Structure formats: structure tokens, C-alpha cells
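A.B. asks: Quick one: the structure is below, questions incoming.
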Ligand SMILES: Cc1cc2nc3c(=O)[nH]c(=O)nc-3n(C[C@H](O)[C@H](O)[C@H](O)COP(=O)(O)OP(=O)(O)OC[C@H]3O[C@@H](n4cnc5c(N)ncnc54)[C@H](O)[C@@H]3O)c2cc1C
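In our numbering, the protein residues as written are -3 to 373.
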């Protein structure tokens, strides 16, 4: 059994930001336990590879990435995240929105071009994808304290400490002991997948289970092209469709890199689970060709990520609900054996931006501040 002062469960933005903040507070005795083999959580950026055109691009492969999770942040109303992005030296650029959008109302009418105004506040993307935020947050951390492939299964209160049991991909069990635990994962996953002894207060557990995980029911499709042919037609790449399968489409080109379009699949999660990936991709290509012309039917590469099938993001309950930004539940037990031992710092616990990347940064900051205040009180 390994013993640490603070255990952080989850290696997305909130967990990695919390680890960095603990280091800065002089608390270096922490361990971060992440279920997946990679860090990032809901942030996944993939290299827009598989094309001969890419080899000629004047951009490194690590910069030529598209996002299968979040793409945007909004410095206009998320100053804490904007400052973090700046401090980490990341390159941000504005979402391309110049030109007309295309709207598809019904399957028996042709898609229509419409004038569209640029979004306010402006949506910003990161060069290298959001993964570059994960890489920048991870870089200064002691990698010997980060344990990937460790799924937390159980927590027990023992002699003033918390015993944390994990399983790796080969079914090998390990145990950690921590004085305090930061839960850097969605509240619903904590309450439905981790077994607590003694049990968490019933009302708290119910409120965590009732908190939807933002974007968990969604799926994203990205198509990579040799050229941004839609821009040459005066189109912004933005589209809305009541026909589908994509409900909302945007330009996803990388400056000096690959041309790309991405869309959110509008087909409800239960329905799309009966459709194979190959069929879904084919339907997406057909739709993009209807909206943007025949060149859209032949992408150089395609990516499809269904977040509802990701066991470390979604539960069955996420599939049943309409997506809306969650109301943040209490961060931890206010009484009983778990009081002062558990603090929720995943994005859904954020007061200001629950569900957003900015929320993950805010909740992690609040959690570490609360933990260090109590430790020194
Ligand atoms: C398709 C999509 C689009 C989005 N678009 C945007 C956007 O444009 N802008 C924006 O601000 N936000 C967006 N979001 C939301 C954003 O991704 C999240 O707010 C943010 O990434 C949450 O970070 P987190 O650290 O709180 O949680 P997560 O990223 O969910 O990290 C939790 C981590 O915990 C791990 N974990 C889970 N269970 C266990 C366990 N039992 N043991 C150990 N580890 C475990 C997971 O593997 C994961 O790595 C989007 C999300 C998706 C899916």
C-alpha cells in the first residue's frame, strides 16, 4: 500500500490543474490515479493524419490536430481559463466564421444559404487542439506521481485515512492510502461507480447521481480534407440541420495545417447505438456533400467519437436525458465520517461554468484552496 497526503482521482483538466496547484502550495505528496491509459479525460485531440497532403504541411504533426472532445473556450467571459492558457504559452486562434452558413430544414427541400453573424463572445480554439492544454498542465508535474490505467473501485474510511482500491487493465488490484481525496471526475460517475464504506450520506449521493455529465450523451464526427473548398464558395463551414445525422456543423481547419469540418451528431444516443460506425460515417459524408458540395463526400480521413460509449465519461443515465448545463451539487459531505475527506473538483462542481473546461479549472482551484485552508486551520 502506498501512502500519500492527497489522492487525486481523474487525469482530466481538473485533476492535472489541481496537482499543479498543490505543487505550488508546497504539497508535493500527492498521487493522481487515472483509469484510462492516457491523460485528458473528455479532452481528446487526434492528428489529422492519413493524407499525403499532410506530409507537405508546414506544421508539426503535434500542432496539426483536431478535437474529438471540446474545441472552444471563451476568453470574453472566462478570464481565469484565458489567463491560464496565456501563462502556459499556448497559441489560441478564433473559430473561423467568415461567410454564409447552410441550413437544412427538411429532407424534401434543398439546403439554403443564409447570412450569419459572428458569435459574441468570440469562440477560441487552441493550436494543437485542447490536448495541448493537457500536455502543458502535465509537463511540470512529477510523472512518478501519476498512475494511469488505475480505475478506482472502492474507498474505505480507516483510522482517519481513506483507503483507495484500484484495478488495472489486467485485473491487478492496488491500494493507496490518503489523508484527503480530490474527486476530479464527474459527480455522477463518483456516485454510481465507486463503492464507499461507510456509504456516503444518502442525499449527497443522490444529488451527485442526479448531476448530468456535460456532453456525455453526445458524439462528434470530424472529416479531414485537402482544401477548405467551402471557404472558396463563401461558406463559413457552419450549418444547422433538422435532417441529420449531424445537427450542428462547424469549420475545424487548422492554421497552416489540414482543412476540416466537424459536426455534433443529432441522432439520440439510444438510436445511434443501433447504427454501425461505418453506416454513420457514410451518412455523415452524404450529408456534408448535400450541404457543401461533392468534394465533401471524399474526406482524406474521418474520426467518430461517441462519448456515450465511454465508460469513464458516461453512464446509462446520461443517455436518457436532454443535455443541459448541470446545477453544481455540494462539493463534499458536510457531516459524518467522510466530512473533510472528499472534495469534488470535476467541472460539474463548478459554481460559474459547470460542465465547461473553465469550470474544471475553477472547481480545481476552489478545491485546492479549500483543502489547503483546512490543512493550515
Ligand atoms: C464532445 C464534447 C464537446 C465539448 N465541448 C466543450 C467546449 O467546446 N468547451 C468547453 O469548455 N467544454 C466542452 N466540453 C466539456 C469539457 O470537455 C469538460 O468540461 C472538461 O474536459 C471536464 O474536465 P474534468 O477534468 O472535470 O473531467 P473529465 O475530463 O471527464 O476527467 C475525468 C477523468 O476521470 C477519469 N475517471 C473516471 N472514472 C474514474 C475512476 N473510477 N478511477 C480513475 N479515474 C477515473 C476519466 O478517465 C477522466 O480522465 C465538451 C465535452 C465533450 C465530450
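Backbone N, C-alpha and C define an ideal beta-carbon position, used for all residues, glycine too. Since this is a predicted model, take the numbers as computed values, not measurements.
1) With a threshold of 8 angstroms, establish whether the CB of residue 362 neighbours any heavy atom of ligand 1.
2) Residue 25 lies in the beta strand (DSSP E); which residues open and close that run?
3) Regarding residue 205 and ligand 1, is the C-beta to nearest heavy atom distance less than 8 angstroms?
4) So, residue 169 versus residue 11, is the Cβ gap smaller than 9 angstroms?
5) Using alpha carbons as the reference points, say which of 106, 212 and 150 lies closest to residue 352.
6) Ligand 1 and residue 217: does the residue's C-beta get closer than 8 angstroms to at least one heavy atom of that ligand?
7) Just how far apart, CA to CA, sit residue 186 and residue 205?
8) Can you tell which of 360, 95 and 203 has the C-alpha that lies nearest to the C-alpha of residue 113?
9) Compute every distance between the C-beta of residue 264 and the non-hydrogen atoms of ligand 1, then say whether any falls below 8 angstroms.
10) Taking all protein chains shown into account, decide if residue 317 is buried (16 or more other Cβ within 10 angstroms of its Cβ) or exposed.
11) Which of helix, strand or coil does DSSP assign to residue 13?
12) Select from 322, 219 and 344 the residue whose C-alpha is nearest the C-alpha of residue 300.
13) Going along the chain, which residues of its own chain have a beta-carbon closer than 6 angstroms to the beta-carbon of residue 293, five neighbours each way excluded?
14) CB-CB under 8 angstroms to residue 62, same chain, minus the five flanking residues each way: which ones, in chain order?
15) Can you tell me the Cα-Cα spacing of residue 39 and residue 343, whole angstroms?
16) Flag this pair as yes or no: are the beta carbons of residue 243 and residue 225 separated by less than 9 angstroms?
17) Is the beta carbon of residue 70 sitting closer than 9 angstroms to the one on residue 130?
18) Return yes when at least one heavy atom of ligand 1 lies under 8 angstroms from the C-beta of residue 17, else no.
19) Less than 8 angstroms separating the Cβ of residue 30 from some heavy atom of ligand 1?
C.D. replies: In terms of the structure at hand:
1) no
2) No beta strand (DSSP E) contains residue 25, which DSSP labels as neither H nor E.
3) no
4) no
5) 212
6) no
7) 8 angstroms
8) 95
9) no
10) exposed
11) helix
12) 219
13) 281 and 285
14) 41, 42, 44, 125, 218, 220, 248, 250, 254, 256, 258 and 299
15) 12 angstroms
16) no
17) no
18) no
19) yes
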